[in-house]
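I have placed the structure first, in the form of structure tokens, so that the comments after it can refer back to it.
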Amino acid sequence: MSASPAAPSPASRARACWCGHPTFAAYSADYHVCNACGTLVSRAPLPPEAFTVQTDSGELYSKDYWHERQTEHHGLPDITRRARLDVPERCTHWLRHLLARRLPPARVLELGCAHGGYVALLSWAGFTATGTEMSPWVVEFSRQTFGINALAGPIETQPFAPGSFDVIVLNDVLEHLPTPAATLAHCARLLAPDGFFVIQTPEYKEHLTHADLVANQDIFLRHMDGNNDEHLYLYSRRSATEFFTRLGFPALEFANPVYSYDMFFTAAHAPLAMHPEEKISAALAAQPTGRLVQALLDKAAESTDRGWAIQRLETALEAKK
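For the sequence shown, our numbering gives the first residue as 3, with consecutive numbering after it.
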């Protein structure tokens with residue numbers, strides 16, 4: 003990293019790095035970098051209470067976030083469209099990864115379940131699945147849209163006993179947490195002794211400077227400038243490994259994400275055993291909804307295989323020119 007150390011500003015003192023290192027180096031107008039662990043830390047001096055939802059209107063993660071902020075600020079589909087788009091794409095990818103490591107029946111909690119499509123897919127596959135969200139409005143939306151079990155409010159306020167879950171999932175959530183070490187420590191207590199985490203979060207590639215990202219118009223910039231009030235910590239593979247090792251889950255297994263700008267991994271106490279396809283199919287075939295999930299997974303795999311086949315064909319044709 004070519005950036006030189008900079009003295010901590012008032013904003014940096016307002017938000018320390020999760021690892022506890024006291025100083026940062028300059029990275030961009032919106033982020034510092036903690037070279038001790040390899041995390042980008044937002045300069046936005048917002049207190050933790052700014053990320054809760056009280057009235058569900060005009061707050062960062064209130065109802066407006068799922069409509070106007072997604073479409074106007076980020077240029078993404080709103081939650082109604084995402085409820086339809088995510089299930090056959092992202093949700094099937096996540097489920098295939100999980101089934102290879104934990105078969106139903108098992109208890110799964112998804113923090114930040116959004117529209118609830120993944121919680122529904124987990125339930126149809128035979129898991130006992132629960133979701134949480136900050137906004138009461140989006141919790142009601144997920145219940146009405148997918149009929150899931152969802153609760154509103156921070157995980158620390160939920161009535162879950164220690165050891166309540168076998169798997170805890172955070173898809174596009176870790177980067178939003180104002181006190182990630184404390185929140186994940188609470189989650190760790192909710193896991194069974196052989197439980198584990200599944201995480202998707204944007205990947206900060208430490209070898210790239212902010213100037214490199216700008217020069218290449220890297221899509222990772224979408225996670226940084228202009229929305230640093232949302233993405234408070236952006237992790238590298240090094241910092242993610244350090245984070246979960248400190249938490250007591252040192253066995254990280256990185257897998258292919260849906261989108262190239264993310265990283266996707268499991269964090270466990272020890273390496274996880276892998277289940278073969280025949281065992282996964284048998285577990286899904288144990289109930290009618292599981293058979294429907296199997297068909298959806300098969301179709302998703304077929305689409306993925308076809309996409310790779312087309313890409314290989316186009317590469318081969320290009321090489322012959």
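All residues carry an ideal CB built from backbone N, CA and C; glycine is no exception.
Sheet register partners of residue i (DSSP bridge)
{"i": "Pro-204", "result": "Asp-264"}
{"i": "Glu-255", "result": "Thr-268"}
{"i": "Ile-221", "result": "Paired residue(s): none; Ile-221 is not in a bridge."}
{"i": "His-34", "result": "Ala-28 and Val-43"}
{"i": "Gly-155", "result": "Partner(s): none; Gly-155 has no beta bridge."}
{"i": "Phe-198", "result": "Val-169 and Ala-270"}
CB of residue i within 8 Å of CB of residue j, strictly
{"i": "Thr-134", "j": "Ala-108", "result": "no"}
{"i": "Ala-269", "j": "Phe-222", "result": "no"}
{"i": "Leu-298", "j": "Gly-292", "result": "no"}
{"i": "Val-295", "j": "Leu-123", "result": "yes"}
{"i": "Trp-68", "j": "Val-140", "result": "yes"}
{"i": "Thr-203", "j": "Asp-264", "result": "yes"}
{"i": "Gly-114", "j": "Val-175", "result": "yes"}
{"i": "Ala-272", "j": "Ala-253", "result": "yes"}
{"i": "Glu-205", "j": "Arg-248", "result": "no"}
{"i": "Thr-147", "j": "Ala-85", "result": "yes"}
{"i": "Phe-143", "j": "His-178", "result": "no"}
{"i": "Phe-167", "j": "Leu-186", "result": "no"}
{"i": "Trp-20", "j": "Tyr-261", "result": "no"}
{"i": "Ala-302", "j": "Pro-156", "result": "no"}
{"i": "Pro-161", "j": "Arg-191", "result": "no"}
{"i": "Ala-52", "j": "Asn-230", "result": "no"}
{"i": "Phe-267", "j": "Glu-255", "result": "yes"}
{"i": "Tyr-237", "j": "Met-136", "result": "no"}
{"i": "His-233", "j": "Ser-30", "result": "no"}
{"i": "Leu-111", "j": "Ile-170", "result": "yes"}
{"i": "Leu-100", "j": "Lys-281", "result": "no"}
Residue i - containing alpha helix (DSSP H), residue span
{"i": "Phe-148", "result": "138-148"}
{"i": "Pro-182", "result": "182-192"}
{"i": "Glu-279", "result": "279-286"}
{"i": "Leu-87", "result": "81-87"}
Local Cβ density within 10 Å of residue i, reported as buried at 16 or more and exposed below that
{"i": "Gly-22", "result": "exposed"}
{"i": "Ser-4", "result": "With a pLDDT of only 33 at Ser-4, under 50, the local geometry of the prediction cannot be trusted, and the value read off the model is given with reservation. Exposed is the call here."}
{"i": "Glu-304", "result": "exposed"}
{"i": "His-209", "result": "exposed"}
{"i": "Arg-17", "result": "buried"}
{"i": "Ser-11", "result": "Unreliable placement is indicated for Ser-11, whose pLDDT of 39 sits below 50; the coordinate value is still reported in the next sentence. Label assigned to Ser-11: exposed."}
{"i": "Glu-70", "result": "exposed"}
{"i": "His-75", "result": "exposed"}
{"i": "Ala-288", "result": "exposed"}
{"i": "Asp-214", "result": "exposed"}
{"i": "Asp-88", "result": "buried"}
{"i": "Asp-58", "result": "buried"}
{"i": "Thr-242", "result": "According to the sequence shown, residue 242 is Ala rather than Thr. The residue in question, Ala-242, is buried, as its Cβ has 16 or more Cβ neighbours within 10 Å."}
{"i": "Gly-128", "result": "buried"}
{"i": "Leu-78", "result": "exposed"}
{"i": "Pro-259", "result": "buried"}
Extent of the continuous beta strand (DSSP E) to which residue i belongs
{"i": "Ala-131", "result": "130-135"}
{"i": "Leu-236", "result": "235-237"}
{"i": "Leu-172", "result": "167-173"}
Proximity test, residue i beta-carbon vs the ligand NAD heavy atom, cut-off 7 Å
{"i": "Ala-288", "result": "With respect to the ligand NAD, the structure shown offers nothing to examine, as it has no ligands at all."}
Short CB-CB distance (under 8 Å) between residue i and chain C
{"i": "Leu-100", "result": "Given the protein chain composition of this structure (a single chain), no chain C is represented."}
- Going along the chain, which unbroken runs of the beta strand (DSSP E) with 3 or more residues stay wholly within the region 91-125? 109-113
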